[in-house]
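The next block holds one structure in the form of structure tokens; read it before the comments.
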Amino acid sequence: MPLPSSRALAQELGVSRNTVLTAYQELIAEGFVVSRARSGLFVNDELRSHGPAPAGSPGPPQAIDWEGRLRPESDRDLPDVAKLPDWQQHPYPFIAGQVEARSFPVLAWSRALREALHQPHLHYSLRDGIADDDPLLVEMLCDRILPSRGIEAAPDSVLITLGSQEGLRLLSSALLGAGTLVAVEDPGYLDARHVFVRAGASLVPLPVDGAGVVPPADLRAADVLYLTPSHHHPTNVTLSIGRRHNLLAMAQRDDVVVVEDDYDSELRYQGTPSPALKALDTTGRVVYLGTFSKFLAPGLRLGFVVADPVLIGHLRRERRYSVRHPPGHLQRAMALFIGSGQYHRSIRRHRAALRRKWERMVDGIEQWIPFPVTPPPGGVSVWMEGPPELDAVALTDGLAEYGVIAERGDIYHFDRSAHRNTFRLGFAAIDVDRIPEGLQIVGRAVHDQLAFPGPAARRR
Ligand SMILES: Cc1ncc(COP(=O)(O)O)c(C=O)c1O
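Under numbering that gives the first Met the number 0, the residue at position 415 of the sequence shown is numbered 414, and the numbers go up by one with no gaps.
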């Protein structure tokens with residue numbers, strides 16, 4: 000049946016004809032009603048039970064099975080580092096991966112963000128750079144940041160990333176796949192392992208001692224060697240100069256790519272930071288990953304890769320088809336922040352604040368922790384290796400009840416069950432004045448567990 004004429008409907012409803020005409024036009028525009036020449040307006044046939052079902056359709060509609068469609072995640076057997084979203088609510092957050100909001104240079108950073116929205120910077124803040132980075136930020140890195148790590152780099156050997164994590168992922172997609180092998184530190188950075196394994200690679204563990212990773216006899220089977228030489232993650236030991244030369248020579252001989260994750264080298268409280276491994280590299284096989292996460296804030300998601308221009312070009316194209324580039328506004332603001340001298344000022348302030356925390360950590364550990372600990376000369380955490388009978392998994396679980404967040408250490412090892420006596424106390428996020436009290440609670444809990452072992456510990 001045709002719909003009533005506009006005149007009839009207007010009369011029936013007691014509204015003006017224009018109102019009905021407008022309503023009909025809207026229904027036509029949205030496809031509910033079609034107009035047939037010389038016959039009038041009709042309800043669109045396609046609307047009847049949402050149109051005819053395609054031939055061969057099964058019965059009633061069913062919810063899509065997403066689980067069945069998703070590719071299996073190859074890293075599902077690796078543990079994830081537990082990230083507590085509400086860590087600021089706890090009085091003693093001994094965690095390493097966050098920063099205290101109070102220490103962030105809010106005024107200087109907001110000035111840089113604002114300035115980046117004025118001429119001559121606005122274009123670089125707003126443009127679609129496609130594959131390009133902000134040339135001013137690249138210049139700042141080459142002139143003011145990398146030289147302090149002993150690295151001389153030309154602009155075409157730098158790529159800005161959304162943190163080291165993106166650098167690792169881009170590298171993995173460029174260099175890794177099924178059948179490739181990455182040699183990694185054991186214990187070591189879990190998030191990097193996830194990225195490598197997700198790219199299809201297999202891992203080979205290299206043990207770590209007080210002088211950093213122990214060089215193996217050879218690296219012939221490996222495609223990539225991933226290292227955290229400045230402050231080993233998670234123990235914070237520094238790779239000795241002898242081993243650096245040894246590993247570079249071995250990488251050269253066995254034709255291996257070395258990935259240097261230099262995530263917190265500036266945070267050194269005794270002695271000076273050792274130059275980057277990249278600074279010793281004469282063959283272009285070291286790929287350097289830097290980040291602003293530890294010096295400023297991880298939430299800014301800004302980092303960089305320094306490598307041979309051929310590799311950088313490839314990573315740039317890979318990045319183009321994922322995120323194009325990190326936000327232009329952030330890049331320009333960071334460039335202005337560095338250029339104004341605020342970046343280096345803020346690192347100095349941040350380092351001084353961390354040094355005060357580190358000193359409290361050293362004193363408190365000496366006073367309260369009932370087993371020997373060698374505090375590292377830098378970094379943002381202290382690695383704790385208790386006596387073999389300590390169950391640090393139960394310990395860190397139990398500490399949460401007292402508002403103390405400490406990270407279990409077993410998950411960073413290939414053989415987790417052999418390292419249940421390890422844990423990590425980060426001090427980047429905790430208030431300096433809470434450190435002694437927090438360590439006292441940790442020390443008491445360790446003491447209690449060792450003095451009165453629970454059934455699990457007694458069985459070991
Ligand atoms: C070994 C290591 N590399 C890199 C990072 C920083 O990663 P991103 O730059 O992605 O924040 C961290 C932070 O926890 C880390 O521990």
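Using N, Cα and C, we set each Cβ at its ideal position, and we do this for glycine too.
Where residue i falls, given that 16 or more other Cβ within 10 Å makes a residue buried
{"i": "P1", "result": "exposed"}
{"i": "V213", "result": "exposed"}
{"i": "F41", "result": "exposed"}
{"i": "N245", "result": "exposed"}
{"i": "R192", "result": "buried"}
{"i": "E259", "result": "buried"}
{"i": "W65", "result": "exposed"}
{"i": "G209", "result": "exposed"}
{"i": "Q164", "result": "buried"}
{"i": "H230", "result": "buried"}
{"i": "S321", "result": "exposed"}
{"i": "V392", "result": "buried"}
{"i": "Q330", "result": "buried"}
{"i": "F451", "result": "exposed"}
{"i": "Q118", "result": "exposed"}
{"i": "D185", "result": "buried"}
{"i": "R458", "result": "With a pLDDT of 42 at R458, under the threshold of 50, the predicted position of this residue should be treated as unreliable, and no value is reported."}
Residue closest to residue i, alpha-carbon to alpha-carbon, out of the options
{"i": "R348", "options": "V309, V372, Y268, G13", "result": "Y268"}
{"i": "P204", "options": "H412, L424, A427", "result": "H412"}
{"i": "S219", "options": "S416, V256, A210, D208", "result": "Note on residue identity: the sequence assigns Arg, not Ser, to residue 219. Residue V256 is the option with its Cα nearest to R219."}
{"i": "R110", "options": "Y225, L438, P376, S339", "result": "S339"}
{"i": "M383", "options": "A173, N420, A450", "result": "N420"}
{"i": "T234", "options": "G408, L224, A36, R70", "result": "G408"}
{"i": "V157", "options": "S124, L170, D307", "result": "D307"}
{"i": "R101", "options": "P387, A296, E114, R319", "result": "A296"}
{"i": "A107", "options": "H343, R359, R6", "result": "H343"}
{"i": "G166", "options": "I311, D396, P104", "result": "I311"}
{"i": "H313", "options": "M333, P326, L170, G378", "result": "L170"}
{"i": "I144", "options": "L116, P78, Y287, P3", "result": "Y287"}
Distance between residue j and residue i (C-alpha atoms, nearest Å)
{"i": "I429", "j": "P90", "result": "8 Å"}
{"i": "A221", "j": "A177", "result": "13 Å"}
{"i": "L226", "j": "L189", "result": "12 Å"}
{"i": "V80", "j": "D432", "result": "26 Å"}
{"i": "Y401", "j": "G199", "result": "41 Å"}
{"i": "D76", "j": "L394", "result": "24 Å"}
{"i": "G283", "j": "V304", "result": "13 Å"}
{"i": "Y23", "j": "G13", "result": "16 Å"}
{"i": "D154", "j": "L449", "result": "According to the sequence displayed, residue 154 carries Pro and not Asp. P154 and L449: Cα-Cα distance of roughly 55 Å."}
CB contact below 7 Å: residue i versus chain C
{"i": "V183", "result": "Of the chains in the structure shown, none is chain C; there is only one protein chain."}
For the stretch 77-86 against the stretch 280-291, are there 3 or more C-beta pairs whose distance is under 8 Å? no
Give me the pocket residues for ligand 3, defined as CB within less than 6 Å of any heavy atom, sorted by chain position. No copy of ligand 3 appears in this structure; the ligands present are ligand 1.
Segments assigned alpha helix (DSSP H), at least 4 residues, entirely inside the stretch 199-267: 240-253
Does the stretch 427-444 come close enough to the stretch 355-364 that 3 or more CB-CB pairs lie under 8 Å? yes
Kindly provide the ranges of any beta strand (DSSP E) runs that are 3 or more residues long and lie completely inside the stretch 322-407, ordered along the chain. 380-384
Those runs of the alpha helix (DSSP H) which lie wholly inside the stretch 109-139 and span at least 4 residues: 121-125, 134-139
Starting from the N-terminal side, write out each stretch of the alpha helix (DSSP H) that is 4 residues or longer and does not extend beyond the stretch 155-182. 163-174
Jot down the residue ranges of each uninterrupted alpha helix (DSSP H) in the stretch 263-320, minimum 4 residues, whole runs only, in chain order. 308-319
Give a yes or no on contact between the stretch 134-141 and the stretch 267-287, applying the rule of three or more CB pairs nearer than 8 Å. no
In chain order, which continuous runs of the alpha helix (DSSP H) of length 4 or greater are located wholly inside the stretch 12-48? 16-28
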